[in-house]
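Residue numbers (the numbering used here): 172 to 669.
Note that beta-carbon positions come from the ideal geometry of N, C-alpha and C, so glycine has one too.
Please read the structure below before turning to the comments.
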């Protein structure tokens with residue numbers, strides 16, 4: 172009874188006119204989709220609102236996230252604290268002045284609040300707490316960007332769990348806009364790499380431990396900066412971290428329709444500039460042939476394996492590929508080439524139609540090296556391969572996928588990353604790897620695995636029949652690009668053939 176009374180009180184508090192909901196059902200449907208996907212946006216030039224931190228956090232170019240003390244209640248629908256024996260509520264909801272936007276956001280707050288109340292255990296001891304705060308930015312007078320910060324402290328453990336949801340709207344029409352509308356296809360990989368570098372620098376470690384992680388970052392947009400908000404697990408629960416990027420640095424990842432920002436052209440990174448070391452004047456040529464029996468009208472993907480060769484495990488993977496008429500690209504680490512066992516594994520892969528590619532000599536983080544160091548890491552592999560099996564590589568995958576503008580200038584090969592991360596190094600579980608592929612693969616995908624683990628070999632044996640049943644054809648990276656008509660270029664990053 173008390174839960175039902177509280178829910179009615181919450182509905183009255185936000186003064187949501189339910190009769191208007193029919194007009195905005197399209198907006199609300201968009202919001203549900205965006206929330207489930209973790210799509211987010213906010214940044215500099217913030218309207219008066221609250222943030223989870225106790226103190227102000229400066230963004231780039233002088234924009235500042237406002238402190239709680241800067242809150243103007245006239246600009247918010249700030250509810251009183253709602254309390255029962257089982258919960259406490261601290262709720263705010265933005266007011267943009269656009270009726271469609273405000274109704275959609277208020278309804279979302281209402282949904283979050285009532286869901287929390289319904290999850291409170293009637294038998295629990297003590298009160299759970301829910302806090303909802305927000306940041307609101309009007310971006311170049313064209314967009315509204317809002318982010319809700321949700322903090323839950325649930326009994327009986329009273330563990331703190333922070334999450335965020337954010338949304339983007341056209342400031343004039345009130346129409347919901349997605350990140351995919353604003354950013355190019357490669358934006359998620361770009362932002363993940365930025366966070367990985369930041370986390371590694373903060374912890375004084377290599378980005379390798381983080382670079383294969385999807386941080387599920389919320390993308391917060393302002394006039395002069397982008398803020399990436401991502402969850403981080405700690406001993407006290409899950410909290411949110413922020414990493415800021417200048418708009419200019421991300422400008423090449425913004426679609427033409429939304430290049431509305433005032434940016435100094437000199438600050439925009441130069442895309443696809445020729446390498447600064449050992450520059451070859453001729454364009455890159457993909458010499459791979461399209462395998463017999465491949466139907467270009469059917470889905471095609473590339474399997475890739477990092478960090479080998481690994482003797483029997485590599486051979487087991489190759490055997491599975493051969494059995495199903497498939498092939499793959501092996502990104503090998505040079506200092507593993509030495510033994511006859513590893514050389515034999517590479518030769519076995521080549522004879523099966525697989526591709527050998529470069530993963531550097533020592534698995535070094537290239538962003539920590541100068542141009543000469545990068546050249547040495549790459550060419551030392553080629554020299555060793557030429558001595559061992561008579562080939563040189565034509566593709567590079569940087570360890571951890573870690574690159575920046577300077578490393579790309581120094582690399583004279585196409586840079587191959589991925590759009591399907593199986594996380595096989597983390598799970599060491601064949602079934603988990605299989606499920607990752609099933610959940611994320613699509614036509615043109617590049618799938619990341621490691622030929623170090625028996626569990627990965629088992630996963631390959633399990634997933635290939637399913638892929639073939641679904642109509643997929645599994646080939647090397649170079650073959651995938653030929654089939655899809657992608658003309659690879661030097662120093663350019665590829666996440667897929669799409």
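CB of residue i within 8 Å of CB of residue j, strictly
i	j	result
residue 319	residue 303	yes
residue 307	residue 341	no
residue 535	residue 502	no
residue 305	residue 263	yes
residue 619	residue 477	yes
residue 500	residue 622	no
residue 634	residue 556	no
residue 333	residue 410	yes
residue 457	residue 649	yes
residue 471	residue 646	yes
residue 301	residue 260	yes
residue 560	residue 514	yes
residue 317	residue 362	no
Cutoff 7 Å; reference residue i; Cβ partners in own chain excluding five residues on either side
i	result
residue 611	591
residue 366	386, 388, 399, 401 and 414
residue 668	615, 651, 652, 655 and 657
residue 489	519, 520, 523 and 525
residue 551	505 and 532
residue 283	303 and 321
residue 670	Examination of residue 670 is not possible in this model, given that the chain is present from 172 through 669 alone.
residue 325	299
residue 178	The predicted model places residue 178 with a pLDDT of 41, which falls under 50 and marks its position as unreliable, so this point remains unresolved.
residue 291	257, 258 and 299
residue 419	434, 435, 438 and 439
Bridge partners - residue i, DSSP secondary structure assignment
i	result
residue 624	Beta-bridge pairing links residue 624 to no other residue.
residue 264	Residue 264 pairs with nothing; no bridge assigned.
residue 367	DSSP, once it has assigned bridges, lists no residue as partnering residue 367.
residue 305	319
residue 529	503 and 567
residue 387	Beta-bridge pairing links residue 387 to no other residue.
residue 592	619
residue 414	399
residue 644	471
residue 477	502 and 621
residue 426	For residue 426, which the question treats as bridged, DSSP gives no partner whatsoever.
Residue i versus the options, residue with shortest Cα-Cα distance
i	options	result
residue 492	510, 563 and 639	639
residue 613	469, 515, 574 and 494	469
residue 625	617, 637 and 595	595
residue 573	276, 587 and 669	587
residue 717	330, 476 and 428	The first residue shown for the chain is 172 and the last is 669, placing residue 717 beyond what the model contains.
residue 310	669, 396 and 663	396
residue 431	393, 556, 334 and 369	393
residue 543	511, 556 and 583	583
residue 426	608, 494 and 348	348
residue 353	423, 372 and 371	423
residue 629	648, 609 and 605	605
residue 267	281, 258, 260 and 343	343
residue 475	579, 265 and 593	593
residue 627	495, 571, 539 and 599	599
residue 497	643, 280 and 390	643
residue 364	569, 597, 608 and 609	569
residue 571	603, 312, 530 and 494	530
Same chain, Cβ closer than 8 Å to residue i, neighbours up to 5 away in sequence not counted
i	result
residue 576	440 and 441
residue 666	356, 357, 360, 588, 589, 590 and 617
residue 460	650 and 653
residue 462	498, 524, 646 and 650
residue 609	634 and 637
Buried or exposed by the 16-neighbour rule on C-beta atoms within 10 Å, applied to residue i
i	result
residue 636	exposed
residue 254	exposed
residue 563	exposed
residue 483	exposed
residue 601	buried
residue 467	exposed
residue 327	exposed
residue 464	exposed
residue 376	exposed
residue 607	buried
residue 597	exposed
Neighbourhood of residue i by C-beta distance below 6 Å, restricted to the same chain and skipping five residues each side
i	result
residue 448	Confidence at residue 448 is low in this model, with a pLDDT of 37, below 50, so its placement is unreliable and the value that follows should be read with caution. Same-chain partners within the cutoff: 542, 546 and 581.
residue 516	480, 482, 485 and 486
residue 182	The pLDDT assigned to residue 182 is 39, lower than 50, so where the model puts this residue is not dependable; a value taken from the coordinates is nonetheless given after this. Within the same chain, residue 182 has no close Cβ partners at all.
residue 538	573, 575 and 578
Residue i CB to nearest heavy atom of the ligand PLP below 7 Å
i	result
residue 491	Of ligands this structure carries none, so the ligand PLP is not represented either.
Proximity test, Cβ basis, 8 Å: residue i and chain C
i	result
residue 583	Looking at the structure shown, chain C is missing, and only one protein chain is on hand.
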